[in-house]
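Worksheet: one structure, shown below.
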Amino acid sequence: MKTFKILNQQTCCDPSTNCCTPESSLPVAIIGAGPIGLAAAAHLAVRKQPFILFEGCEEVGGNIRTWGHVTLFSPWQYNIDSSAKDLLQQADWQEPNGELIPTGQELIDTYLQPLAELEQLKPSIHLNHQVIAITRKYNDKMKSKDRNEQSFLLYIKEKGEIKIVEARAVLDATGTWGNPNPAQGNGVWLPSEQALSENIDYHIPNVTASPSLYANKKSPLSGAGIQPLILYLI
Ligand SMILES: Cc1cc2nc3c(=O)[nH]c(=O)nc-3n(C[C@H](O)[C@H](O)[C@H](O)COP(=O)(O)OP(=O)(O)OC[C@H]3O[C@@H](n4cnc5c(N)ncnc54)[C@H](O)[C@@H]3O)c2cc1C
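Just remember that the numbering used here sits 80 ahead of the position in the sequence shown, which is counted from 1.
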């Protein structure tokens, strides 16, 4: 599989050869190494399409790790992508029983991590790479000529450094976990809620692992979705 240079200059030409990368050989950039980003990578690998995947966390499944203690609601058979399964079966992979329901951590250990370790995916996965912005090559606030024809430039933060990577397409697989809704059902963030943000957990805290925070205390649950229900059941 082709590897791609990470560019530090906006010319998008290889500084060593002074040659620009032809559009057709640019990679598809995937943002996020959750189930969707890794499935996209598997599909591109099967089709022998060049890709490059950026994950902001230090391990794949970064969001799922925060609720690894919670059981999913769908059994294994619905959680494994077809192309990912094809690739995994070519390797020494033990497929889980499709009827069983994994926890988030089991989803990572049994599926996402082995998938990311495959030789068809691993060289193209860049952990600790947070995508902070995406723009189009040769365009700026004053110019948008042939915008749709231009490739993408991704601005990526790694260890405090900003890198720029050129891609022919971008797949945003960053999920919704990092953008929780406010308590107000109409989606409005009120200053009164924001002022209390340090006392509000917008995800699914591992209450049994933090007894001093929750034991013998009353905690109001807000929302009508699945998360308050899961917390109530815990
Ligand atoms: C308790 C619980 C149970 C669930 N059970 C099920 C279930 O049974 N079945 C089901 O289909 N779904 C279930 N879901 C929903 C599940 O979370 C999603 O289906 C799945 O995780 C979505 O995958 P994703 O790849 O789109 O996003 P995520 O899993 O959220 O992955 C996104 C990834 O992108 C990374 N990322 C984010 N921003 C950036 C950035 N700027 N740069 C680089 N990387 C970035 C994150 O670190 C993360 O690794 C459940 C959710 C919860 C909370």
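Built from N, CA and C at the ideal position, the CB exists for glycine as well.
Less than 8 Å between the beta carbons of residue i and residue j, yes or no?
{"i": "GLY255", "j": "ASN143", "result": "yes"}
{"i": "ALA263", "j": "GLU278", "result": "no"}
{"i": "LEU118", "j": "LEU192", "result": "yes"}
{"i": "ALA249", "j": "VAL126", "result": "no"}
{"i": "GLU197", "j": "LYS217", "result": "no"}
{"i": "GLY148", "j": "GLN185", "result": "yes"}
{"i": "LEU251", "j": "ILE244", "result": "no"}
If distances are taken between C-alpha atoms only, which option among the options comes closest to residue i?
{"i": "VAL150", "options": "ASP252, TYR235 and ILE284", "result": "ILE284"}
{"i": "LEU152", "options": "LEU180, GLN129, LYS165 and SER162", "result": "LEU180"}
{"i": "PHE131", "options": "GLU197, PRO260, LEU106 and ILE236", "result": "LEU106"}
{"i": "ALA113", "options": "GLY141, ASN296 and ARG127", "result": "GLY141"}
{"i": "ASN259", "options": "THR215, TRP269 and VAL250", "result": "TRP269"}
{"i": "GLY136", "options": "LEU118, LYS128, HIS206 and TRP147", "result": "HIS206"}
{"i": "ILE236", "options": "LYS223, ARG248, HIS209 and ARG227", "result": "HIS209"}
{"i": "GLN200", "options": "GLU139, PRO176, ASN228 and SER163", "result": "SER163"}
{"i": "LYS202", "options": "LEU167, TYR218 and ILE212", "result": "LEU167"}
{"i": "THR190", "options": "ILE212, ASP220 and GLN157", "result": "GLN157"}
{"i": "PHE128", "options": "TRP257, TRP173, SER204 and GLU175", "result": "For the record, residue 128 in the displayed sequence is Lys; it is not Phe. Ranking the options by Cα distance to LYS128, first place goes to SER204."}
{"i": "ASP281", "options": "TRP257, LEU233 and ILE212", "result": "TRP257"}
{"i": "ASP212", "options": "ILE242, LYS225 and LYS223", "result": "Note that residue 212 corresponds to Ile in the displayed sequence, not to Asp. The option with the nearest alpha carbon to ILE212 is ILE242."}
{"i": "ALA289", "options": "GLU138, PRO182, GLU139 and THR146", "result": "THR146"}
{"i": "GLY178", "options": "GLN169, ASP172 and SER154", "result": "SER154"}
{"i": "ASN286", "options": "THR183, ALA171, THR215 and GLU138", "result": "THR183"}
Return yes when the C-beta of residue i is under 7 Å from any heavy atom of ligand 2, and no when it is not.
{"i": "PRO176", "result": "In the structure on display, ligand 2 does not appear, and the ligands it does have are ligand 1."}
Whole-angstrom Cβ separation of residue i and residue j, contact assumed at under 8 Å?
{"i": "LEU133", "j": "ILE110", "result": "4 Å"}
{"i": "LEU195", "j": "ALA122", "result": "7 Å"}
{"i": "ALA324", "j": "ALA295", "result": "Any property of residue 324 remains undetermined from this structure, which presents the chain solely from 81 to 314."}
Check: Fully enclosed by the region 169–228, which beta strand (DSSP E) runs are 3 residues long or longer?
Finding: 210–216
Checklist line | Continuous alpha helix (DSSP H) assignments of at least 4 residues falling wholly in the region 234–296 | finding: 271–275 and 291–294
Note to self: Give the list of continuous alpha helix (DSSP H) stretches no shorter than 4 residues that lie fully inside the region 109–178.
What the structure shows: 115–126 and 162–170
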